[in-house]
């Protein structure tokens, strides 16, 4: 049959629309008729969660956690780290479970190796990504534990709490950081780790190299001299493999005067003050 | 007799998975477990039959008379997407254990090449209505046969000493290739 263009177009329009409508109606009818009982509490709980789909709770997204916490009596209501106490309490009320206090955490970058301070071992001219750079002999820095500065962590943050500074270190916004630990997983050097909010000091170095080697690689390195260990009266600092490690809980509970800060020869130990405007020395990162 | 030849042709001689290499995604994805494969085989067979029938009807009573055959792919995609979605709703209600076993693969078959290919071939091949249904059902049975064979083999593979590099999909592909080779023996018996 010969049809003009207009006739053809109208026929096509009518055919496809009516097919779509017919199938739409069949499916809508089937959906109603064959619907299964889904516990409505699951949707209410899911509404309360922050919906960043970060997986910090250990489940595949917020809906999966909502299902688990409603259906399974053993799942605690305080697993949502970004939600903090507010969400934990709400979820606890909704599901009738008791919520233990969520320990609020924040990410810290354990590296002070800016472009000025850290020595470069080679010129890197490849894919501008930390994982890629790490594949080539552990990166272009002399210190094989340090931050490479290409921002893989910044891209991984689902809450937009990170930016890359000019010096090559990521800066964390303490107001936006929810402690979900996505940046920690993304970092190939494991330079970022989660720190409980309220700790007094933190060690701004990730290097396990011996003193002389570490100092040569970066002027802000922890050289493992153990001066801080000896200085702390509460035993909150220990030396693990040439790197000082602060036990944040002991430090928070017992310390009223951080004497360790004054003793560090390289200033690798820094005060963990939140809310300070990022500068080169005092930033949270 | 003609119908029997058609059925055997679609199911074994020109098996859609092993001779025509369609539907491999479902084939490799679901064949890890025999029980899931049996269910998936049945689901694919039923979807193919239903959507082929619908596709034939729409093609011959709507597309050809109004001279819009060029829309066949779009229309068949619409039909099969509707069928698969309907099947998902029905299975979720009547066989939730099967639904859990299939997981994501049920939605994958909604846009799989075999689910598009069989209705398309049937609609455009100038068969009568009954012949095209037999053809579609034969293809479905052939798919079910192939996936059940594969699943049984893969379950046996768990006890075999597979080299580390080939574990998982590697050895499955090799195995599927061998299966296809064996089905090659049927070729030419019933021409397309």
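Protein chains in written order, with my numbering: chain G, 13 to 297; chain B, -7 to 184.
Every residue, glycine too, gets a C-beta built ideally from N, C-alpha and C.
Residue 237 of chain G and residue 146 of chain B have their alpha carbons spaced roughly 58 Å apart. If you ignore the 5 residues before and after residue 32 of chain B, its C-beta comes within less than 6 Å of the C-beta of 22, all in its own chain and listed in chain order. Judged by DSSP in its simplified three-state form, residue 117 of chain G adopts strand. Here DSSP, grouped into helix, strand and coil, assigns residue 250 of chain G to strand. Between residue 278 of chain G and residue 231 of chain G the beta-carbon gap is near 7 Å, inside 8 Å, which marks them as a contact. For residue 128 of chain B, the closest C-alpha among the options B:111, B:137 and B:60 is that of B:111.
A check of alpha carbon separations from residue 16 of chain B across B:42, B:-2, B:109 and B:64 identifies B:109 as the nearest. Counting other Cβ atoms within 10 Å of its Cβ, residue 274 of chain G stays below 16 and is therefore classed as exposed.
For residue 32 of chain B, the uninterrupted alpha helix (DSSP H) run begins and ends at 26 to 50, by DSSP. Among the residues of chain B, those whose CB is under 8 Å from the CB of residue 31 of chain G are 50, 67, 70 and 71, following chain order. Taking 9 Å as the cut-off, the Cβ atoms of residue 68 of chain G and residue 169 of chain G do not count as close. With its beta carbon at least 9 Å from every one in chain B, residue 51 of chain G lies outside the interface. In the structure shown, residue 175 of chain G adopts extended strand secondary structure according to DSSP, grouped into three states. When secondary structure is reduced to three states using DSSP, residue 102 of chain G falls in the helix class.
Partner residues in the beta bridge of residue 281 of chain G, as assigned by DSSP, are G:215.
Within chain G, 38, 39 and 42 have C-beta atoms less than 8 Å from the C-beta of residue 78 of chain B, given in sequence order. Take the alpha-carbon of residue 59 of chain B and the one of residue 151 of chain B: they are about 57 Å apart. Of the candidates G:105, G:64, G:276 and G:248, G:248 places its Cα closest to the Cα of residue 264 of chain G. Where residue 257 of chain G is concerned, the enclosing beta strand (DSSP E) starts and stops at 255 to 258.
In the DSSP assignment, residue 124 of chain B falls outside any beta strand (DSSP E) and lies within the alpha helix (DSSP H) extending over 121 to 149. Listed in chain order, the positions of the region 211 to 236 of chain G with a beta carbon within less than 8 Å of a beta carbon of chain B would be empty, since no residue qualifies. For residue 102 of chain G, not one C-beta of chain B is nearer than 9 Å to its own C-beta. Distances from the CA of residue 30 of chain G to each of B:125, B:130 and B:71 were compared; the closest alpha carbon is that of B:71. Note on geometry: alpha-carbon atoms of residue 128 of chain G and residue 89 of chain G lie some 46 Å from one another. Interface flag for residue 55 of chain B against chain G is set, since a Cβ pair is found closer than 9 Å. The straight-line gap separating the alpha-carbon atoms of residue 17 of chain G and residue 56 of chain B is approximately 17 Å. As DSSP reads the structure, residue 56 of chain G sits in no beta bridge.
In this structure residue 144 of chain B is exposed. Its beta-carbon is surrounded by fewer than 16 other beta-carbon atoms within 10 angstroms. Residues of the region 154 to 165 of chain B with a C-beta atom less than 8 Å from some C-beta of chain G do not occur. Straight through space, the alpha carbons of residue 159 of chain B and residue 119 of chain B are spaced by roughly 44 Å. CA-CA distance, residue 50 of chain B to residue 28 of chain G, rounds to 11 Å. Not a single CB atom of chain G sits nearer than 9 Å to the CB of residue 89 of chain B. Around the beta-carbon of residue 157 of chain B, fewer than 16 other beta-carbon atoms lie within 10 Å, marking it exposed.
Note that the region 81 to 101 of chain B does not touch the region -1 to 7 of chain B; fewer than 3 beta-carbon pairs, one per stretch, sit closer than 8 Å.
Using a CB distance cut-off of 9 Å, residue 76 of chain G does not count as an interface residue toward chain B. Between residue 46 of chain G and residue 84 of chain B, the CB-CB gap stays under 9 Å.
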